[in-house]
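Before any comments, here is the structure.
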Amino acid sequence: MTGRLHGVVAMDGPSGTGKSTVSRRLAATCGAAYLDTGAMYRALTLAVLRTGLDGAAPTAGDVAVAAANDLESVTDPAAPAIRLAGEDIEAEIRGPAVTAAVSAVSAVPAVRTALVQRQRELIAEAVARHGGIVVEGRDIGSVVVPDAPLKVYLTASEEIRAARREAQDRKAGRGGDTVTVLADVRRRDRLDSTRKTSPLHAAADALVIDTDELSVEDVLAELLRLVRDRGLLT
Ligand code: DC
10 MTGRLHGVVA
20 MDGPSGTGKS
30 TVSRRLAATC
40 GAAYLDTGAM
50 YRALTLAVLR
60 TGLDGAAPTA
70 GDVAVAAAND
80 LESVTDPAAP
90 AIRLAGEDIE
100 AEIRGPAVTA
110 AVSAVSAVPA
120 VRTALVQRQR
130 ELIAEAVARH
140 GGIVVEGRDI
150 GSVVVPDAPL
160 KVYLTASEEI
170 RAARREAQDR
180 KAGRGGDTVT
190 VLADVRRRDR
200 LDSTRKTSPL
210 HAAADALVID
220 TDELSVEDVL
230 AELLRLVRDR
240 GLLT
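Sequential numbering of the sequence shown, starting at 10, is according to the working numbering.
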């Protein structure tokens, strides 16, 4: 191992930047925990959809907040998992229905309050147990852990991000043509960046990495250099 991570690495950015892959790899490499906060918003969205409600309806927020009590996130980077009332929902939350509705549910302020609180608890627990955690999302450096010793914001062009998403979907057996995936990437970017409560943006002290021309290995090497330079590895 390269060394153990101490403290929190906040990884933010839109979808298709390679955030999940590099966050998980970084955590595994440094003996740290890993938390995918997007999976938590997706899980509550699934709970809303299962009631037959539209993601934007006022009562959908109540359903989502109630479901937060039944949510379980496993922060092991070798086997991350998400469960709702004991059910493994990993595959279902990646499907098109949840992807289409998640921005509306995650824009509801009460949903964000409930999940941010839960995320802070999980982070404190992981730091106490493992020393460090890599947390990925949209508002980690700006809201969830504003005092994180390393904040990274990954970006990439819309076209590259859509192409990565399409390849990922194909690998998971979910077809989707380039035009639809690109339109979905643009729609989610717009909704996630313009919502009133903690919109997607790079924290003022985040290091921005453009991944257009970088492989997963390149980004991982850069992240390892950063954690080492910040004195977060022992
Ligand atoms: O990372 P992802 O694509 O699985 O995230 C799904 C959605 O959840 C994304 O469109 C916005 C929302 N999200 C959020 O609002 N805040 C976070 N910290 C993580 C995700």
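The beta-carbon is built from N, C-alpha and C at its ideal position, and this holds for glycine as well.
Only a predicted model underlies this, so the values are computations on that prediction, with no experimental measurement involved.
The residue from 51, 118, 150 with its alpha-carbon nearest to that of residue 68 is 118. Per DSSP, the continuous alpha helix (DSSP H) segment holding residue 70 begins and ends at 67-76. Per DSSP, residue 122 is one residue of the alpha helix (DSSP H) stretching across 118-139.
The beta carbon of residue 36 sits closer than 6 Å to those of 43, 86, 143, all from its chain and outside the five residues before and after it, given in chain order. For residue 16, the enclosing beta strand (DSSP E) has its first and last residue at 16-21.
Taking a contact as a CB-CB distance under 8 Å, the pair residue 24 and residue 234 does not count as one, their CB atoms being some 25 Å apart. The DSSP-derived three-state label of residue 81 is strand.
Approximately 4 Å separates the beta-carbon atoms of residue 147 and residue 209; this is inside 8 Å, confirming the contact. Bridge pairing for residue 145: 20, 45 [DSSP].
Below 8 Å, too few C-beta pairs join the stretch 177-194 and the stretch 120-137 to call them touching: fewer than three. Closest in C-alpha terms to residue 93, from the list 80, 102, 99, comes 80. Secondary structure of residue 174 (DSSP, three-state): helix. Counting of Cβ neighbours within 10 angstroms places residue 203 among the exposed residues, the total staying below 16.
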